[in-house]
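For the sequence shown, the residue numbers in the working numbering are 230 to 1181.
For glycine and all other residues, C-beta sits at the position ideal for the given N, C-alpha and C.
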Amino acid sequence: MKPAQQEISKSSTSTISKSSLEPPKWLGPLGLSRFVAIDIETTGLLPSSDAIIEIGAVRFEGGVVSDIFQSFVNPRRPLPPAITVLTGIHERDITDAPLFDDVSQAFLNFIDDNPIVGQNPSFDIAFLTASGGTEFRFPGRTIIDTGELARIFWAEFPRFSLTNLCSFFDVSLESAHRASDDARATGEVLVRIISRLPSRVWNSLASDIANIAAQGHHRSEEFFKSLRAVSARIEPPVLDNAHALDEIPLLSKIELSELESGGLFEKKLDQFSPRKQQIEMARQVLSAFEENHTLLLEAPTGTGKSFGYLIPALAWSLAGEGEEKRQVIVSSHTRSLQEQLLKKDIKDIAFATSTNIPASVLKGRENYLCLRRFRSAIHDIDGRLSDGDRHRLLPLLRWSYLTKSGDIGEIGAFHPEKEPLLWSLVCSDSAACSGPTCGSHRGDFYRKAVDDSRNAKVLLINHALFSTDFERFLGSTDVSRRVVIDEAHQFERAVVSASTHAFNLKSVRIVLSRLADERSSRGLLLRNAKSKLPEAVESELLSLDILTKALFQLARASFASAALLAQKFTAEESKQRLLPGTHLVAKTESALQNLIERMQELHSRLDSLLKDMSRLSDSSSEHKDRVLELRSSALALGEVIKAGELTTGCKDSDFVYWLELTGQKNSPVLSLYAAPISIGSKLADTLWLGRTGTVLTSATLALGNSFDVIEKSLGISESSSMIVQRRILSSPFAFNEQMRILCPTFLPEAKDTEQHIIGVARIISEVIARYDKSTLVLCTSYASTIELAKRLTSIARRRGRTLLQQQSGRITHELLKTFREHPGSILIGTSTLWEGIDLVGEELEILVIVKLPFEVPTDPWIQARSELVQSMKMDPFYAISVPACAIRLRQGLGRLIRHHEDRGIAIVTDSRLVSSRYGKVLQNALAADVIGMGSEESFFAEIEEFFSGKSR
230 MKPAQQEISK
240 SSTSTISKSS
250 LEPPKWLGPL
260 GLSRFVAIDI
270 ETTGLLPSSD
280 AIIEIGAVRF
290 EGGVVSDIFQ
300 SFVNPRRPLP
310 PAITVLTGIH
320 ERDITDAPLF
330 DDVSQAFLNF
340 IDDNPIVGQN
350 PSFDIAFLTA
360 SGGTEFRFPG
370 RTIIDTGELA
380 RIFWAEFPRF
390 SLTNLCSFFD
400 VSLESAHRAS
410 DDARATGEVL
420 VRIISRLPSR
430 VWNSLASDIA
440 NIAAQGHHRS
450 EEFFKSLRAV
460 SARIEPPVLD
470 NAHALDEIPL
480 LSKIELSELE
490 SGGLFEKKLD
500 QFSPRKQQIE
510 MARQVLSAFE
520 ENHTLLLEAP
530 TGTGKSFGYL
540 IPALAWSLAG
550 EGEEKRQVIV
560 SSHTRSLQEQ
570 LLKKDIKDIA
580 FATSTNIPAS
590 VLKGRENYLC
600 LRRFRSAIHD
610 IDGRLSDGDR
620 HRLLPLLRWS
630 YLTKSGDIGE
640 IGAFHPEKEP
650 LLWSLVCSDS
660 AACSGPTCGS
670 HRGDFYRKAV
680 DDSRNAKVLL
690 INHALFSTDF
700 ERFLGSTDVS
710 RRVVIDEAHQ
720 FERAVVSAST
730 HAFNLKSVRI
740 VLSRLADERS
750 SRGLLLRNAK
760 SKLPEAVESE
770 LLSLDILTKA
780 LFQLARASFA
790 SAALLAQKFT
800 AEESKQRLLP
810 GTHLVAKTES
820 ALQNLIERMQ
830 ELHSRLDSLL
840 KDMSRLSDSS
850 SEHKDRVLEL
860 RSSALALGEV
870 IKAGELTTGC
880 KDSDFVYWLE
890 LTGQKNSPVL
900 SLYAAPISIG
910 SKLADTLWLG
920 RTGTVLTSAT
930 LALGNSFDVI
940 EKSLGISESS
950 SMIVQRRILS
960 SPFAFNEQMR
970 ILCPTFLPEA
980 KDTEQHIIGV
990 ARIISEVIAR
1000 YDKSTLVLCT
1010 SYASTIELAK
1020 RLTSIARRRG
1030 RTLLQQQSGR
1040 ITHELLKTFR
1050 EHPGSILIGT
1060 STLWEGIDLV
1070 GEELEILVIV
1080 KLPFEVPTDP
1090 WIQARSELVQ
1100 SMKMDPFYAI
1110 SVPACAIRLR
1120 QGLGRLIRHH
1130 EDRGIAIVTD
1140 SRLVSSRYGK
1150 VLQNALAADV
1160 IGMGSEESFF
1170 AEIEEFFSGK
1180 SR
């Protein structure tokens, strides 16, 4: 065994900018004149089963690097290939490296008694403790998390990885995921944070943070105490109440002619150019509004679709005469489009017209903060939160003071989906925020958003919110409304999703946790019991607390039992359809029935208790708040009970039911679902019944010049009294000149999954070797992305190309940012990468579609839809599967050509596109011709010819 491979040296300051050579004035007062930044690299993420492979520490004095410690560590286990790809560390680096025990004391000596800084240091300390014992917990030591500081004081950042923080704070990071370089970068990030803190903090904010940290024994408690002291004279910022905006006139009129050559937008906007398709679209939309009819309009990529409906929407809504109020509702599917409409398109219109645009956004109530509830939670007024809970709310503190909208989507520092219980206690709530307790001027941002929406001429919402309550948006008689449904090809699924009920252990635990804490004396019921209330009320509160705690245990046992029963009946698929009258349904319902009944008992007793508490003479605000919070929790409990009743027993023939098993085989996690099989009749009886002028638009709406598929799925064909206009705009692109769609038929068939992936990987490897062009590979399953990434890693590394793989089936802005910043990258993805992303010019020149994007035939909803269509004497494959595949394929291929100067090759590695009976249907739906390639030689000859600029 070699001696510890440590490196302790005086560091050159060449990698540190001049600004960081001048210590920030607060560095000393905050106790950071001298500190050590640490980082480790490991074989994986679990301290119990993985091991350290590299440790690094960097000492800072006066804000600059003074010493560095680095050592590889032998983990005594094989190094996973993925870790080598991530870190650049190879087996040869660690084979003869010291064991952790041999280097740990030198590491401790280097750190000495200095404050410790890390990027998510709890990860590092957990591994260090698992490897070296409790002394590596550094008891009593100040430990600062740069990520946490950034989340508190820069909550508006979208992401908080070390790479992102280095980018924002202008810190170099040449060897990411190497211990000493990451440690050095982390320390420099802290120095930059400290240098900017004087402009980001004020004393009352620092006091709130320090008080919360002190109550919860936060590892940065001393740091936050010092921050409170050093910011003692700093007053809160004066909030801008948008008086400047009041001085800008409100848009009062606009003409469609401004879209034409010589119009206002061409004169004022650098990136704007008149397009005949956009002008035609605007005229068609305005006509639909004026004549109050329904318009189905396919607007291909490059049309300028957003302006194509926003300008006529403004023109129509502003043209109301006298007392007539007009409003256009614009519903979209994706958050990215809603953000684009508000932050880019409407801003561009405002700039061009030098006016304020009367437009606003309205989201679901659960997206908005309630300041009263937040302040109650952060100060632990009702005793429901643990110290750790309140620490996790810290990123909301500064933002809550400065935000004008209260929309949690403004920040990246807090994610409601990751903290559903915490967010449910501080967001706007129909019960807790009812009456005069909250209001638009008292901190309920949802009410403010609703008030703003009433005055908007254009109201931006999403499909999910729109479809939950059509009557709310269209039922008003004092406002004349029109509707634009953008991304209309997703509208059916959005309505189905909004109407789907789910029942699982997580939802039960969240609602029970609002009432009681299973393992402590915290909780809403117990805190109320400790108030001065009549003995009978106090006794019932205590009794309900006991019942709620018992329900935690019953819920775990019930769902575990149901999951194990389901496991015996299910095949390999994680989803299993539930059919009425079957043994599986009976057993599942039986396993959960007692839980549902006991929850119903809790709900009934809560209702009775609330009536008793409401009759009390106590008129204090504290008592009113307690009643409101209890009522809110009771309503949430009622919703979960309703979901349980709807998802068990398969009681409604218009719904499809299924269960889903996740987690490990020996501890499966069960969720039950119920979804409407068809929403056409619902829409016919709601959205289309009022015959409000509606425009449905998308780049992929029609098939074979026909809108039959979407008309049937959305119930338009059932509404005989509707006037429906149909338009397909021509494309501004010359697709057959700008792109080639090649289908290599010499590859193994797609149904032979293993051989097909091997063949696809081989052909992509050859493409990578021959063409140094940015390449997007679209898969239909996450398993395929993993397998292809494994097989392409070697060729990508040899060619010096960046290989990126989409994680967890979700798009990440960081992934796309990296793809754009590294020309010649290969990005492998699935799910959301098929649509909604713009990669222009050399950002994307080769697109690979691995398999035709058919929906999974065993999916319960697809099965139920197919049976419904079959009962109508139609072939479900051609009526449902092929059209859906065609739309998805068009969306995927649409990633390649986004501009009239774009050029690229699309490769569909599924021979069914040219060899099957339905292949012709799919081809007819595409913008360019499909060329079948029977040999590898002809395949590459075609690519070579295209990229060399020669015409076919």
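Check                                                                                                                         : Outcome
Residue from Gln513, Leu547, Ala1170 and Ile1126 whose Cα sits closest to the Cα of Pro924                                    : Position check: residue 924 holds Val in this sequence, whereas Pro was assumed. With distances taken between Cα atoms, Val924 lies closest to Gln513.
Segment limits, alpha helix (DSSP H) that includes Met1103                                                                    : First-last for Met1103: undefined, no H or E at that position.
Local Cβ density within 10 Å of Pro304, reported as buried at 16 or more and exposed below that                               : buried
Among Ile870, Lys871, Gln334 and Ser843, nearest to Glu858 - alpha-carbon criterion                                           : Ser843
Beta-carbon contacts of Gly1038 that lie in its chain and below 7 Å, excluding the five residues immediately before and after : Confidence in Gly1038 is poor, its pLDDT being 44 and thus under 50, which makes the residue's placement unreliable; the coordinate value appears in the next sentence. Taken in chain order, the residues that qualify are Tyr1011, Thr1059 and Ser1060.
Integer Cβ distance of Ala405 from Ile269, believed to fall under 8 Å                                                         : 14 Å between Cβ atoms; not a contact.
Inter-residue spacing [alpha-carbon to alpha-carbon] between Ala579 and Leu543                                                : 12 Å
Cβ separation of Arg751 and Ser615, assumed to be a contact under 8 Å, to the nearest whole Å                                 : 7 Å
Proximal residues to Asp341 (C-beta, below 6 Å), its chain only, five neighbours per side dropped                             : none
Within the stretch 723–759, ranges of the alpha helix (DSSP H) (whole runs, at least 4 residues)                              : 734–742 and 753–758
Asn691 in three-state terms, based on DSSP                                                                                    : strand
Minimum length 3: unbroken beta strand (DSSP E) runs contained in the stretch 533–612                                         : 555–561 and 588–590
Nearest neighbour of Leu794, chosen from Ala820, Val679 and Leu771 [CA to CA]                                                 : Ala820
Anticipated Cβ contact below 8 Å, Val1182 with Thr1138, distance rounded                                                      : Only positions 230 to 1181 of the chain appear in this structure, which leaves residue 1182 out of reach.
Coil, strand or helix - Thr777 by DSSP                                                                                        : helix
Simplified DSSP state of Asp410, which is helix, strand or coil                                                               : helix
Alpha-carbon spacing of Leu357 relative to Glu283, whole angstroms                                                            : 11 Å
Spatial distance of Phe1175 from Ile970 (CA atoms)                                                                            : 11 Å
Buried versus exposed, by CB contacts within 10 Å (16 or more), Met828                                                        : buried
First through last residue of the alpha helix (DSSP H) which encompasses Gln444                                               : Asn432 to Gln444
Three-state class that DSSP yields for Arg710 in the structure shown                                                          : strand
Local Cβ density within 10 Å of Ser1182, reported as buried at 16 or more and exposed below that                              : What the structure shows of the chain is the stretch from 230 to 1181, and residue 1182 is not part of that stretch, so it cannot be assessed.
Inter-residue Cα distance where the pair is Ala439 and Ser455                                                                 : 9 Å
For Phe603 and Ser629, believed in contact at Cβ under 8 Å, the rounded distance                                              : 6 Å
Beta carbon of Ile1183 nearer than 9 Å to that of Ser560                                                                      : The question about residue 1183 has no answer here: the residues shown for the chain are numbered 230 through 1181.
Cβ separation of Ile997 and Arg1030, assumed to be a contact under 8 Å, to the nearest whole Å                                : 6 Å
Beta-ladder partner(s) of Val953, from DSSP                                                                                   : Thr523
Leu831 vs Phe781 beta-carbon contact at 9 Å                                                                                   : no
For Asp616, the three-state DSSP class (helix, strand or coil)                                                                : helix
Neighbourhood of Glu487 by C-beta distance below 6 Å, restricted to the same chain and skipping five residues each side       : Leu493 and Phe494
Environment of Asp746 [buried if 16+ CB atoms lie within 10 Å]                                                                : buried
DSSP beta-bridge partners of Asp636                                                                                           : Tyr597
Selection from Thr532, Arg621 and Ser1003 that minimises the alpha carbon distance to Gln507                                  : Thr532
Neighbourhood of Leu930 by C-beta distance below 7 Å, restricted to the same chain and skipping five residues each side       : Leu525, Glu527, Ala717, His718, Phe936 and Ile939
Sufficient close CB pairs (3 or more, under 8 Å) joining the stretch 382–399 to the stretch 635–649                           : yes
Continuous alpha helix (DSSP H) assignments of at least 4 residues falling wholly in the stretch 756–841                      : 764–798
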